[in-house]
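Since the structure comes first, as structure tokens, the remarks are kept for the end.
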Ligand code: RIB
Ligand code: CA
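In the numbering used here, the protein residues as written are -12 to 293.
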């Protein structure tokens, strides 16, 4: 059993990564959630996460983290995630609320024991943790990051959003010497869901219905471009920990462009003693089947607990 913390900006795909973890309680002991300004403002993404966890009746600690990147200004992405940061479902406030404590102190308390960090948004919180609480570093078992790209970007020609949003933070994390696994855009394509897999979730069960509403919005972009599937980026991180055998990756030195027209580009130089395991490909069919299984499992769990 692995202790994990999600540091995230939910975000449609963040929620799917969280669902996959919630469906596997024998694999993951979730210690809590920190949020970061990314796809939307930190207050919006925190509210989204609290509402989803309330919907599921899951009692976890959620702590709002940084409201802006280390150097640059926030750049919310309403085209990808909507004005709320999680457009699609209509969710109400529930019993889970942002815990009004310092997120670095919360992470420090979680890291009194070996814990893996699932970094699903810009790396601002994690860079601050490394800089301001260096004594916790030995207890960071691994950081699994969704970010960067090998060939082409999604926010600039060569840059992926999470790294673009806070390249200075990403550089601190990549240079930290920690055990890092990187899921760049290319491997996230292998964590795509076909539209004809998403559609049957509609009205099927309590969790599958929410999954449908979330993914229906998130897949609009791909549908409008006549693609038959949508990448569910952050899902790659949880799927990697659950099914390492389904992924192929190589060690590399990863550096980050801090400014200019390629701001946020990840520069990947393959080397067996590199600082990062860069995932490259995965078994798409297998991971898709597993994802369906996990959502069905959450439906059943919800039904059995009523
Ligand atoms: O580029 C994809 C990333 O940006 C994902 O983490 C998504 O949730 C958004 O934050
Ligand atoms: Ca995210």
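Virtual Cβ for every residue (Gly too), placed ideally from N, Cα, C.
If you're wondering where the values come from, they're calculated on a predicted model, not measured in any experiment.
Cβ pair residue i, residue j closer than 8 Å
i: residue 234; j: residue 269; result: yes
i: residue 200; j: residue 185; result: no
i: residue 67; j: residue 225; result: no
i: residue 49; j: residue 20; result: yes
i: residue 130; j: residue 160; result: yes
i: residue 132; j: residue 167; result: yes
i: residue 157; j: residue 110; result: yes
i: residue 137; j: residue 173; result: yes
i: residue 236; j: residue 267; result: yes
i: residue 17; j: residue 97; result: no
i: residue 212; j: residue 146; result: no
i: residue 5; j: residue 41; result: no
i: residue 258; j: residue 238; result: yes
i: residue 24; j: residue 45; result: no
i: residue 256; j: residue 281; result: no
i: residue 182; j: residue 163; result: no
i: residue 169; j: residue 0; result: no
Helix, strand or coil at residue i according to DSSP, with G and I counted as helix
i: residue -11; result: strand
i: residue 209; result: helix
i: residue -6; result: strand
i: residue 218; result: strand
i: residue 88; result: coil
i: residue 231; result: helix
i: residue 17; result: strand
i: residue 170; result: strand
i: residue 258; result: coil
i: residue 197; result: helix
i: residue 119; result: helix
i: residue 128; result: strand
i: residue 242; result: strand
i: residue 146; result: strand
i: residue 28; result: coil
i: residue 100; result: coil
i: residue 74; result: coil
i: residue 95; result: helix
i: residue 176; result: helix
i: residue 112; result: helix
Inter-residue CB distance, residue i and residue j (contact presumed, cutoff 8 Å)
i: residue 180; j: residue 216; result: 6 Å
i: residue 63; j: residue 22; result: About 14 Å; that fails the 8 Å criterion.
i: residue -6; j: residue 106; result: 5 Å
i: residue 33; j: residue 85; result: 5 Å
i: residue 252; j: residue 244; result: 4 Å
i: residue 80; j: residue 194; result: Not a contact, Cβ separation roughly 19 Å.
Exposure label - residue i; buried when at least 16 CB within 10 Å
i: residue 53; result: buried
i: residue 99; result: exposed
i: residue 125; result: exposed
i: residue 35; result: buried
i: residue 69; result: buried
i: residue 227; result: buried
i: residue 121; result: exposed
i: residue 190; result: exposed
i: residue 115; result: buried
i: residue 276; result: exposed
i: residue 74; result: buried
i: residue 12; result: exposed
i: residue 262; result: buried
i: residue 3; result: buried
Opposing strand residues paired with residue i [DSSP bridges]
i: residue 51; result: 22
i: residue 181; result: 216
i: residue 236; result: 266
i: residue 4; result: Paired residue(s): none; residue 4 is not in a bridge.
i: residue 105; result: -7, 131
i: residue 253; result: 243
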